Amino acid sequence: MANDPREAAHPIPRFPADFLWGVSTSAHQIEGSADEREASVWDVFTAEPGRVKDGSTAAVACDHVRRHTEDVALLAGLGVNAYRFSVSWPRVNAPGGLDFYDRLVDELLAAGVRPVPTLFHWDLPADLDWLERDTASRFAQYASVVADRLGDRVTKWITLNEPAEHTLLGHALGTHAPGKQLLFDALPAAHHQLLGHGLAVQALRAAGATDIGIANSHGPTWPASREPADVEAAAFYDVLLNRLFAEPLLLGAYPEGLGELMPGDVAADLKIIGGSLDWYGVNYYAPTRVGAPQGTEIEFGGITMPAELPFSVREIEGVPVTDFGWPVVPEGLTELLTTFKDRYGDRLPPVVITENGCSYEGLDDQARIAYLDGHLRALHRALEAGVDVRGYFVWSLLDNFEWAEGYARRFGLVHVDFATQARTPKASYAWLRDVLQAQG
2 MANDPREAAH PIPRFPADFL WGVSTSAHQI EGSADEREAS VWDVFTAEPG RVKDGSTAAV
62 ACDHVRRHTE DVALLAGLGV NAYRFSVSWP RVNAPGGLDF YDRLVDELLA AGVRPVPTLF
122 HWDLPADLDW LERDTASRFA QYASVVADRL GDRVTKWITL NEPAEHTLLG HALGTHAPGK
182 QLLFDALPAA HHQLLGHGLA VQALRAAGAT DIGIANSHGP TWPASREPAD VEAAAFYDVL
242 LNRLFAEPLL LGAYPEGLGE LMPGDVAADL KIIGGSLDWY GVNYYAPTRV GAPQGTEIEF
302 GGITMPAELP FSVREIEGVP VTDFGWPVVP EGLTELLTTF KDRYGDRLPP VVITENGCSY
362 EGLDDQARIA YLDGHLRALH RALEAGVDVR GYFVWSLLDN FEWAEGYARR FGLVHVDFAT
422 QARTPKASYA WLRDVLQAQG
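Below, the structure written as structure tokens:
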């Protein structure tokens with residue numbers, strides 16, 4: 002096992018000298034200062050009773066807009082050479098909204114930390130909808146505005162974060178904003194996000210950008226058994242959560258049978274989407290064990306899966322779980338990356354792990370240390386297997402507003418007291434600092 006204590010007693014293997022080491026955050030989850038931006042779909046969603054488990058909102062969150070200098074100092078103390086943050090489209094739409102990101106980028110560069118902005122991390126302006134094709138064009142216009150302001154200092158860009166989850170949770174199941182329960186009628190949101198990515202890449206290229214990626218969530222899909230019904234259900238799930246969002250980008254085509262379900266001139270759109278990446282971002286948390294539908298509603302990982310879905314998500318037995326109930330399977334990261342290498346060959350560009358992390362309570366977070374230790378070793382095994390991996394970002398720098406879970410889940414290397422906004426580095430922060438110092 003990749004998190005074997007005997008292995009953890011040895012130093013983390015050496016990664017390439019130019020490897021990108023970073024941490025990730027997102028605007029809506031940390032920024033606060035909601036009165037200084039336009040409303041997003043998440044503001045509308047969290048205002049509805051029962052949408053967020055603890056009834057909270059991100060109006061203040063980590064107060065990062067006002068405390069970003071302190072947070073940049075935490076990044077510098079950690080020793081990362083990159084910081085992945087997201088730009089809030091609703092903030093950019095407000096007067097002076099880009100001024101904050103101007104200051105943030107300057108402070109990051111002064112601290113020796115490379116800024117890696119994500120242009121969309123789920124906080125869509127409240128008057129837009131990814132079900133509408135026009136949103137893709139509006140996204141490209143917004144990307145152009147941001148690039149014109151920051152492109153003289155930002156060299157590495159991410160267009161979208163996890164369009165799979167935004168489609169599934171926000172449009173198909175309704176557990177995230179905008180709260181739609183459309184099931185397979187949500188597919189246009191997937192296509193329009195991918196089209197928005199392609200159009201945004203064109204806008205970024207026009208502004209001189211040459212290092213553009215996306216942050217797609219992926220994980221191995223394991224059949225619950227060798228029974229044909231379970232194998233078939235797992236294959237279908239793999240198409241929906243992995244191949245649907247990878248193959249238009251990497252192969253310029255949808256998996257068989259899905260292209261005809263998408264709106265518009267799909268062939269023309271795929272020419273914009275395909276081959277648009279300089280590198281491929283992967284958010285990895287865990288594999289998924291999938292079987293045939295069981296005819297009942299299933300609660301899994303905080304998400305309710307309707308009975309009418311053509312698959313059911315099952316528990317992975319015999320492995321540790323996080324405080325969120327997510328299985329801890331570091332070797333799944335090696336499996337995922339080597340599978341992608343075998344599946345896509347030279348169509349797979351260099352890979353960056355844009356998120357990897359876990360939810361645990363406490364300042365002495367030894368479980369998080371074990372998690373990160375195991376996943377770094379699993380990542381190194383993928384490198385040894387020939388996968389061109391260029392970077393690794395931990396989710397997350399700070400405890401934050403964890404979407405529909407509110408403030409109940411803590412993913413940060415730094416503890417945040419949300420009553421006082423005091424930041425306290427955890428044991429995992431010191432551990433990662435020491436790992437990065439040893440990497441040189």
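Each residue of the sequence shown is one higher than the last, beginning at 2 in the numbering used here. All C-beta atoms in this analysis are idealised placements derived from N, C-alpha and C, irrespective of residue type, glycine included. Quick caveat, the model's predicted, so the values are computed rather than measured.
At least three beta-carbon pairs within less than 8 angstroms, the stretch 170 to 189 to the stretch 226 to 237: no
Could you check the C-alpha separation between Leu-398 and Gly-346 for me, to the nearest Å? As a position in the sequence shown, residue 398 is number 397, starting the count at 1. As a position in the sequence shown, residue 346 is number 345, starting the count at 1. Distance between the alpha carbons of Leu-398 and Gly-346 is about 33 angstroms.
Only counting the same chain, and skipping five residues up and downstream in sequence, which positions put a Cβ closer than 6 angstroms to that of Asp-365? Translated into the one-based positions of the sequence shown, residue 365 becomes position 364. Excluding sequence neighbours, Asp-365 sits near Ala-428.
When the Cα atoms are used, what is the spatial distance from Arg-424 to Thr-26? In the sequence shown, counting from the first residue as 1, residue 424 sits at position 423. In the sequence shown, counting from the first residue as 1, residue 26 sits at position 25. Roughly 15 angstroms separates the two Cα atoms.
Rounded to whole angstroms, what's the CA-CA distance from Leu-188 to Pro-264? Just pull it up for me. Start at 1 with the first residue of the sequence shown, and residue 188 comes out as number 187. Start at 1 with the first residue of the sequence shown, and residue 264 comes out as number 263. C-alpha separation (whole angstroms): 9 angstroms.
Residues of its chain near Ala-60, where Cβ-Cβ distance is below 6 angstroms and the 5 sequence neighbours each way are ignored: As a working note, residue 60 is residue 59 in the sequence shown. Cβ within range, chain order: Ala-35.
How about the stretch 116 to 128 and the stretch 158 to 169: do they share at least three Cβ pairs that are nearer than 8 angstroms? yes
Are the beta-carbon atoms of Ala-92 and Gly-98 separated by less than 8 angstroms? What you label residue 92 is simply residue 91 of the sequence shown in a count that begins at 1. What you label residue 98 is simply residue 97 of the sequence shown in a count that begins at 1. The residue you asked about is not Ala; residue 92 is Arg in the sequence shown. Result yes, Cβ atoms of Arg-92 and Gly-98 sit closer than 8 angstroms.
Using the rule of at least 16 other Cβ atoms within 10 Å of the residue's Cβ for burial, across every protein chain shown, is Glu-318 buried or exposed? Residue 318 sits at position 317 when you count from the first residue of the sequence shown. Classification for Glu-318: exposed.
Simplified DSSP state of Asp-435, which is helix, strand or coil: Locating residue 435 in the sequence shown gives position 434, where the first residue counts as 1. Helix, per DSSP.
Could you pull out every residue in the same chain whose Cβ sits closer than 6 angstroms to the Cβ of Arg-410, ignoring the five residues on either side in sequence? On the sequence shown, residue 410 is found 409 positions in, with the first residue counted as 1. The answer, listed in chain order, is Phe-325, Ser-360, Glu-403.
Note down, one range per segment and in chain order, each alpha helix (DSSP H) of at least 4 residues found wholly within the stretch 9 to 91. 28 to 31, 42 to 47, 65 to 79
Please work out which residues of its chain come closer than 6 angstroms, Cβ to Cβ, to Val-436, disregarding the five sequence neighbours upstream and downstream, and give them in chain order. Counted from its first residue, the sequence shown places residue 436 at position 435. Once the five neighbours on either side are set aside, the close Cβ partners of Val-436 are Ile-13.
6 angstroms CB neighbourhood of Gly-199 in its chain, flanking five on each side removed: What you label residue 199 is simply residue 198 of the sequence shown in a count that begins at 1. Hits under 6 angstroms: Ile-273, Ile-274, Ser-277.
Evaluate Phe-140 with the Cβ neighbour count: other Cβ atoms within 10 Å of its Cβ, from every protein chain shown; 16 or more gives buried, anything less gives exposed. Stepping through the sequence shown from its first residue, residue 140 is reached at position 139. Classification for Phe-140: buried.
Same chain, Cβ closer than 6 angstroms to Thr-160, neighbours up to 5 away in sequence not counted: As a working note, residue 160 is residue 159 in the sequence shown. Excluding sequence neighbours, Thr-160 sits near Leu-120, His-198, Ala-201, Ile-215.
In three-state terms, what does DSSP make of Gly-171? Counted from its first residue, the sequence shown places residue 171 at position 170. Helix, per DSSP.
Is the separation between the beta-carbon of Gly-33 and that of Ala-74 shorter than 8 angstroms? Sequence index remark: in the sequence shown, residue 33 carries index 32 (1-based). Sequence index remark: in the sequence shown, residue 74 carries index 73 (1-based). No, these two residues do not count as a Cβ contact at 8 angstroms.
Within 10 angstroms of its Cβ, does Asp-44 collect 16 or more other Cβ (buried), or is it exposed? Residue 44 sits at position 43 when you count from the first residue of the sequence shown. Asp-44 is buried by the Cβ-count criterion.
Cutting at 8 angstroms between CB atoms, please list the residues of its own chain near Thr-443, excluding the five before and the five after it. Nothing can be reported for residue 443: it is not among the residues displayed for the chain, which extend from 2 to 441.
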